[in-house]
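Worksheet for the structure shown next.
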Amino acid sequence: MAQNVQPVGAAIEFLPEHLGDQTAYTFAIVVARYHNSWIWVRHRDRTTWELPAGHLESGETADQAANRELYEETGAVSFDIKPVVSYRGELNGSLVYGKVFIAEIHELGALPDFEIKEICSFQEIPPNLTYPKLQPLFYQYVMNQLDESGFIALTRMPNIGITLAEHLHEAGIKNPEEFRSIGSEKAFLRIQALMPDACLSQLYALEGAIQGIRWHSLDHGRKEELRFFYNQLNPSSL
30 MAQNVQPVGA
40 AIEFLPEHLG
50 DQTAYTFAIV
60 VARYHNSWIW
70 VRHRDRTTWE
80 LPAGHLESGE
90 TADQAANREL
100 YEETGAVSFD
110 IKPVVSYRGE
120 LNGSLVYGKV
130 FIAEIHELGA
140 LPDFEIKEIC
150 SFQEIPPNLT
160 YPKLQPLFYQ
170 YVMNQLDESG
180 FIALTRMPNI
190 GITLAEHLHE
200 AGIKNPEEFR
210 SIGSEKAFLR
220 IQALMPDACL
230 SQLYALEGAI
240 QGIRWHSLDH
250 GRKEELRFFY
260 NQLNPSSL
């Protein structure tokens with residue numbers, strides 16, 4: 030839960046992946062998106078904004094802490110989350126380590142009665158931050174990673190959350206232009222070659238993204254064409 034969780038007194042150093050895996054973490058920080066905006070939270074005793082974050086509890090991994098903190102500080106009940114980078118900094122004269130995550134929130138429930146008073150969505154970093162010299166570094170690192178890969182542009186398309194964008198990337202489809210050029214069926218074929226359990230709803234999601242609409246709004250005739258295509262690939266689904 031929100032506390033004074035940010036290392037102070039020394040510059041943040043982002044770590045290569047192989048080093049981060051060997052660290053004993055103290056903090057987990059989550060850059061979370063909901064409906065194409067980024068979630069920031071306000072502690073009940075503050076008037077400033079901060080990213081969902083907190084200390085690891087005894088016996089907890091950084092990944093477990095990130096999942097817990099995201100729920101406790103935003104009320105997120107359905108989400109995809111993945112690690113982005115590890116970092117180290119100094120806190121009270123000691124070297125400490127943290128891990129930064131990105132999350133795509135699909136559903137928000139009631140805000141739990143812990144330390145967060147409210148949450149708010151912003152398109153960019155909000156003014157009046159609790160940790161103005163530090164948390165923008167985490168946020169911007171995540172944004173830079175997404176921009177460099179074209180990943181963030183994919184996730185801005187309808188229906189394409191973090192998980193499906195990852196599948197597209199793994200299938201060699203790096204940006205919306207490439208995605209649109211090959212179409213939903215070919216994109217699905219590439220994904221299914223890597224993930225045999227890819228389902229019909231993912232095919233619908235891909236087509237909706239290309240059309241710029243939520244997949245539930247697809248024309249009935251187009252849905253039937255996609256269903257036929259899917260069943261031809263997966264006879265056992267009939």
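Numbering-wise (my numbering), the sequence shown opens with residue 30 and increments by one. The beta carbon of each residue, even a glycine, is placed where N, CA and C say it ideally should be. Computed from a prediction, not measured in an experiment: that's the story for all the values here.
DSSP, read as helix, strand or coil, puts S265 in helix. Beta-bridge analysis with DSSP links C149 to W69. Residues R71 of the same chain have their beta carbon placed closer than 6 angstroms to that of E147, with the five preceding and five following residues left out of the count. A straight line joining the alpha-carbon of G83 with that of E98 spans about 6 angstroms. Under DSSP, the beta-bridge partners assigned to A105 are L137.
Assigned with DSSP and collapsed to three states, H249 falls in helix. Scanning E42, Q174, L229 and Q221 for the CA closest to the CA of L124 turns up E42. Per the C-alpha coordinates, the member of A61, P264 and D248 positioned closest to F151 is A61.
Taking C-beta separations shorter than 8 angstroms and ignoring five residues to either side along the sequence, the partners of R251 in its chain run E236, following chain order. With fewer than 16 other Cβ atoms inside 10 Å of its own Cβ, K162 counts as exposed.
The beta carbons of F257 and E214 sit no closer together than 8 angstroms. In this structure T90 is exposed. Its beta-carbon is surrounded by fewer than 16 other beta-carbon atoms within 10 angstroms. If you draw a straight line from the Cα of R185 to the Cα of G122, it is about 41 angstroms long. According to the DSSP assignment, G83 belongs to the beta strand (DSSP E) that extends over A82 to H84. Ranked by Cα distance from I58, the first of T76, Y170 and L140 is Y170. Going by DSSP, E42 is part of the beta strand (DSSP E) stretching over E42 to L44. With a beta-carbon spacing of about 6 angstroms, E199 and L223 fall inside the 8 angstroms limit used to define contacts. Looking at the DSSP output, Y63 bridges to S66. Secondary structure at A227: coil, using DSSP grouped into helix, strand and coil. For F180, the uninterrupted alpha helix (DSSP H) segment begins and ends at F180 to T184. For L163, no alpha helix (DSSP H) segment is defined, and its DSSP state is neither H nor E.
Residues D109 of the same chain have their beta carbon placed closer than 7 angstroms to that of T192, with the five preceding and five following residues left out of the count. In the three-state scheme derived from DSSP, where H, G and I count as helix and E and B as strand, I239 is classed as helix. Separation of the CB atoms of Y63 and K128 is rounded to 21 angstroms, and the pair is thereby denied contact status at 8 angstroms. Per DSSP, the unbroken alpha helix (DSSP H) holding T192 starts and ends at I191 to E199.
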